[in-house]
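Residue numbers for the sequence shown follow my numbering, beginning at 279 and rising by one.
By construction, the Cβ of each residue, glycine as well, lies at the ideal position given by its N, Cα and C atoms.
Notes follow the structure.
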Amino acid sequence: MLRLGRTFCWRRTGSSVRLQKSCNLIFPIIFSAAVCRLTDKMLRSASAQMFRQLVRYSSSETNLILERSINRVQLLGRVGQDPVMRQVEGRNPVTIFSVATNEMWRSGDGEVTSTGDISQKTTWHRVSVFKPGLRDVAYQYVKKGSRILVEGKLDYGEYVDKNQVRRQATTIIADNIIFLSDNIRDRT
């Protein structure tokens, strides 16, 4: 194997970690000549980032690991009801409405020749808007039957209903709403 750069390794000494030229450790890191010419500050920053990645994959202590994750939802559909604004005492108000999405498919052997029956499944999604500006716009302009695109994240929660029974609720917390109906776009 041909190495076109200098080999460095991480060495732990007491409570600090240093980058050294010797390479008798488990995780050698190969830098090209261009990387070695970086300023000290940039090298330390890049080295620290690589070290964090090494620690992330080699550490057995999961409470110290801060991994990135994604919780994103995009819904394109029609509004099922006019929005309702609710406010619980001591909390910020929230605008709530529902969006229907449809899934269609052809059933039977006629998928290629388009002679099969078309089936459709409608799924209803509860959307909550907490952002102050977006909450007010949604309350004012979202109407039943409007076609919208909602971007946000999934939230699973519990609440107690009127009969004191615990219920599970899945909600989309909206970060952005795009109005696609012509009548809504003309009014804004």
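When C-alpha distances from Val-377 are compared across Arg-369, Pro-361 and Gln-365, the shortest belongs to Pro-361.
In this structure, Lys-422 and Val-357 form a Cβ contact; the two beta carbons are roughly 6 Å apart against a cut-off of 8 Å.
Our two residues, Gln-442 and Ser-459, have alpha carbons roughly 40 Å apart in a direct line. Val-372 is positioned such that its CB atom lies no closer than 8 Å to that of Phe-329.
The residue among Thr-401, Asn-380, Arg-364 and Thr-449 with its C-alpha nearest the C-alpha of Gly-435 is Thr-449. Look at Leu-432 here: in three-state DSSP terms it is strand.
Following the DSSP letters along the chain, one finds Gln-446 inside the beta strand (DSSP E) bounded by residues 444-457. Under the DSSP assignment, Arg-404 falls in the beta strand (DSSP E) whose first and last residues are 395-407. For Leu-412, the secondary structure class from DSSP, reduced to helix, strand or coil, is helix. Counting along the chain, the unbroken beta strand (DSSP E) around Val-377 starts and ends at 372-385.
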